[in-house]
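Chemist:
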Amino acid sequence: MGSLPSSSEGRDAFALLHPAVQRWVYEQGWPELRPIQAKSIPAILNREGDTIIAAATAGGKTEAAFLPVVSAIAEETKPGFKALYVSPLKALINDQWRRLDGLCERVEIPVHKWHGDVSASAKQKARSKPSGIVLITPESLEAMLVRRSMEIPKLFGDLRYVVVDEFHAFIGSERGVQLVSLLNRLEALTGRRVPRVGLSATLGDMRAAAAHLRPDDPEGVVVVATEGGGQDLRIKVMAYVPEPVPDGAPSAPSVTERITKELFKLRGAHNLVFGGSRNNVELYADRLRAQCEGMSLPNEFFPHHGSLSRDIREEVEQRLRDGQMPTTVVCTTTLELGIDIGAVETVAQIGPPRSIASLRQRLGRSGRRPGQPAILRIHVPEDGVDAGDHPFDRLRTDVFQAVAAVRLLVERWYEPPERRALHLSTLLHQALALIAQRGGASARWLYSSLCGPGPFEGVTPQLFAALLRAMGDPSRALIEQGPDGLLMLGREGERLVDHYGFFAVFETQEEYRIAHAGRVLGTVPVDTPLAPDSYVVFAGRRWRVLGVDNPARLITVEPAGAGKPPSFGGGDGGGMHDRLVAEMRAVYEDGKALGVLNPTGIDLFNQGRQAYQDLGLSHTGILAAGDRVLLLPWVGAKKLETLSLALKMRGFKTLRFEIGVEVNDALPTQVVKALHDIALGTPPDPMALAAMVSNKATYKFDGFLTEELLCADFASRWLEPESVKEVAAKLVGASQSGSLLK
DNA sequence: GACCTGCTGCGGTCTG
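Going by my numbering, the first sequence opens with residue 29, and the numbers climb by one from there.
1) From the DSSP output, read off the bridge partner residues of Pro331.
2) Check Gly322 in the structure and name its three-state DSSP category.
3) Starting from the Cα of Val174, find the closest Cα among Tyr640, Ile161, Phe530 and give me that residue.
4) Can you grab the Cα-Cα spacing for the pair Ser386 / Gln641, in whole Å?
5) Is there contact between the region 491-499 and the region 449-465, where contact requires at least three CB pairs shorter than 8 Å?
6) Could you tell me if His527 is buried or exposed, where buried requires 16 or more neighbouring beta carbons within 10 angstroms of its beta carbon?
7) Under the three-state reduction of DSSP, which class applies to Ile369: helix, strand or coil?
8) Have a look at Ile384 and Pro627 and give me their C-alpha separation to the nearest angstrom.
9) Pick helix, strand or coil for Ala83, following the three-state DSSP scheme.
10) Could you tell me which of Gly623, Val434, Val525, Glu310 sits nearest to Val564, measuring between CA atoms?
11) Kindly indicate which three-state DSSP category His46 falls into: helix, strand or coil?
12) Identify the residues that DSSP records as bridge partners of Asn299: which are they?
13) Please go through the region 413-452 and give each complete beta strand (DSSP E) segment of 3 or more residues, from N-terminal end onward.
14) Considering only residues of the region 202-233, which uninterrupted beta strand (DSSP E) runs meet the minimum length of 3 residues and lie entirely inside it, listed in chain order?
15) Around the Cβ of Phe492, are there at least 16 other Cβ atoms within 10 angstroms (buried) or fewer (exposed)?
16) What three-state label does DSSP hand Ile403 in the structure shown?
17) To which residues of the same chain is Ser99 closer than 6 Å at the C-beta, ignoring the five residues directly before and after it?
18) Given a cut-off of 8 Å on the beta-carbon distance, is the pair Leu348 and His407 in contact?
19) Does the Cβ of Ser763 have 16 or more other Cβ atoms within 10 Å, making it buried, or fewer, making it exposed?
20) For Tyr54, does the three-state DSSP call read helix, strand or coil?
21) Is it right to say Asp512 is buried, meaning 16 or more other beta carbons lie within 10 angstroms of its own, or is it exposed?
22) Does Phe566 come out as helix, strand or coil in the three-state DSSP assignment?
23) Just how far apart, CA to CA, sit Asp350 and Val372?
24) Which residue's Cα is closest to the Cα of Asp186: Thr355, Ile101, Gly88, Phe729?
25) Could you compute how far the alpha carbon of Val525 sits from the alpha carbon of Gly591?
26) Under 7 Å Cβ to Cβ from Pro594, same chain only, skipping five residues before and after it: list those, please.
27) I'd like the ranges of any alpha helix (DSSP H) spanning at least 4 consecutive residues and lying wholly in the region 98-171.
28) So, are the CB atoms of Gly322 and Tyr312 less than 8 Å apart?
29) So, helix, strand or coil for Lys728, using DSSP?
30) By the three-class DSSP mapping on this structure, what secondary structure does Ser36 have?
31) Between Gly87 and Asp260, what straight-line distance do the alpha-carbon atoms span, to the nearest angstrom?
32) Do Gly589 and Arg570 have their C-beta atoms closer together than 8 Å?
33) In this structure, does DSSP put Asp339 in helix, strand or coil?
34) What separation, rounded to the nearest whole angstrom, lies between the Cα atoms of Gly467 and Ile507?
35) For Gly550 versus Asp314, is the C-beta spacing smaller than 8 Å?
36) Let me know the secondary structure DSSP gives Leu582 once reduced to three states.
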């Protein structure tokens with residue numbers, strides 16, 4: 029055979045693989061094993077523990093996990109699935125299924141897709157003769173555990189590995205908490221501790237990621253990483269302001285028109301433009317297509333976002349993958365994860381990045397061939413301001429945010445996971461799922477199953493008892509207690525669990541479909557319907573609304589010559605990490621912009637620095653300026669996000685928290701007190717917090733929580749763990765505890 | 001004035 033693996037590390041790793049896997053590797057014609065693969069193979073095959081594989085996008089991570097995993101299970105003949113692969117996206121499962129097919133065929137191991145688009149008959153077939161590898165979503169795994177718990181020991185009793193793809197996508201979210209809880213439940217059902225392998229490109233804090241992967245033994249997780257270095261980065265931040273127009277002069281091109289002109293220069297290659305919102309995606313995709321048509325050129329610009337129909341999105345992905353015709357896709361985060369689209373030349377971003385991890389992920393789409401630089405252009409629109417405007421409006425926070433994000437990117441800092449929140453909405457969901465899975469359970473057993481070392485470890489027995497009491501309250505009727513003390517599903521609990529919508533822990537809004545000539549183009553939210561005869565831009569084209577069928581939730585359209593993007597509904601707001609805000613402050617303080625700014629950007633940068641000095645924002649606390657209240661940003665954006673949520677719940681309209689929070693209303697005393705406490709970094713008085721929260725929901729099952737539980741959960745998102753328990757204990761009241769936890 | 005993700009079981013009808 030050839031002299032494939034050239035390094036000694038590569039040779040040693042290669043020798044560990046199963047002969048059939050070795051043959052497959054030869055057949056691929058690879059010059060050698062990638063460094064990440066050479067490292068991961070012994071890490072997985074020579075030990076029993078958990079592993080995190082971190083390498084740049086397109087670094088061969090999938091094979092780094094599956095060459096050893098397939099080798100380990102190649103000779104297994106006992107019935108049962110041997111490896112479970114969990115992915116955040118169905119599209120990624122379909123991609124990986126295609127990719128694994130050849131390798132697994134060589135070794136004669138079946139690979140099963142298992143998600144909502146897979147037919148019941150295919151699942152039935154896999155279930156009747158379980159073997160090989162299952163590729164699944166968290167929701168489908170939840171459904172399997174709840175609906176088929178009796179079969180789990182037979183299906184997974186001999187499971188050898190769990191592989192989690194795009195692991196970063198599961199960190200710091202409700203869905204990630206659910207996933208880890210699911211893996212714990214799976215191990216409990218099978219009585220085996222199964223090695224976990226997490227794959228990711230952008231993990232900043234490996235120890236924290238390890239703690240998320242295996243909460244009760246983070247030290248035992250081996251991190252296999254390769255340097256992403258050596259890649260040449262070319263980054264430019266371009267700022268835009270409206271040009272002043274003298275009276276009587278023809279109007280100057282708008283900021284949007286100038287950014288469009290800049291993006292149009294990307295013609296002739298493969299590029300991605302991250303628009304920041306579906307609205308922007310539609311706006312720019314339409315303008316760019318119109319510009320092509322105006323110049324009688326073939327269109328190269330296409331939109332891609334979550335409200336477009338699957339077939340429209342797949343058409344665009346296919347066009348990128350083919351690489352035959354030059355293509356620029358204007359998209360949201362939909363093209364950020366690992367769906368196979370090939371390499372692109374330039375990555376552009378409209379507006380400042382909100383997350384460094386996501387910026388890194390986006391950049392990973394560019395410069396994937398050796399010797400080719402990764403190119404990033406950040407286009408930052410800013411408003412025009414007058415000299416007399418308030419300094420808040422002259423801070424140019426978007427420019428500073430973009431510069432701060434680039435500084436952190438160069439520093440290789442990424443948002444770390446946050447583990448300290450209580451996640452009571454998800455805990456409630458998991459308690460229901462576990463009761464349904466077992467048919468009934470004691471409170472003590474539930475507590476030890478869910479709140480041991482794991483994503484709910486911050487929940488005390490008292491708090492859990494309060495949660496169960498809330499669930500058992502006749503007004504909610506989620507659970508009830510039998511005479512033997514066993515907890516069972518109540519009337520409402522049955523109804524929830526029986527509906528298929530139960531399996532996902534995230535909320536989704538109701539939508540209308542938009543269709544032309546029988547083809548569904550995509551969806552818009554029900555609360556922002558389109559009127560008949562209005563003009564709309566959708567899927568990158570212009571349409572006239574023919575009719576709206578309310579009962580069918582269907583909007584029909586015909587081609588038109590005008591239109592503007594529909595409203596896709598509001599987002600969650602905020603979401604910046606404290607570190608990014610701190611870096612913004614550092615940029616204001618030290619004035620170092622890395623030389624990445626265009627001339628307009630430099631002007632705005634100087635203007636922002638001046639405004640910053642004018643304000644004299646150097647201490648922590650709340651500034652009252654006239655009828656405005658400014659919360660200094662340096663308390664941390666995470667806290668501000670929470671605060672802004674609370675303030676919105678109280679009906680305040682004018683909020684700014686990019687760098688400060690302004691409130692143009694008089695604040696109730698209790699809320700001011702809580703704001704003060706938060707600004708000073710001390711735990712707020714629980715009653716003041718309660719006054720802020722009222723009884724509004726953010727997560728899917730918040731609506732079933734009492735005000736006290738909601739407050740405890742709310743506080744947990746930014747307080748230190750000790751303070752969380754303190755505040756929660758005060759809220760819940762230790763005196764009531766104990767009745768359910770016998 | 002942000003983004004994204006996911007979905008079972010059953011009963012009915014039709015096709016090969």
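For glycine and all other residues, C-beta sits at the position ideal for the given N, C-alpha and C.
Modeler: Let me lay it out:
1) Val358
2) helix
3) Phe530
4) 31 Å
5) yes
6) exposed
7) coil
8) 24 Å
9) coil
10) Glu310
11) coil
12) Thr356, Thr374
13) none
14) 224-228
15) buried
16) strand
17) Leu45, His46, Val49
18) no
19) Legend: pLDDT at Ser763 = 41, less than 50; position of this residue unreliable, value from coordinates given subsequently. Exposed, by the Cβ-count rule.
20) helix
21) exposed
22) strand
23) 12 Å
24) Ile101
25) 43 Å
26) Val552, Thr556, Leu558, Val564, Phe566
27) 118-135, 148-156
28) no
29) coil
30) helix
31) 16 Å
32) yes
33) helix
34) 11 Å
35) no
36) strand
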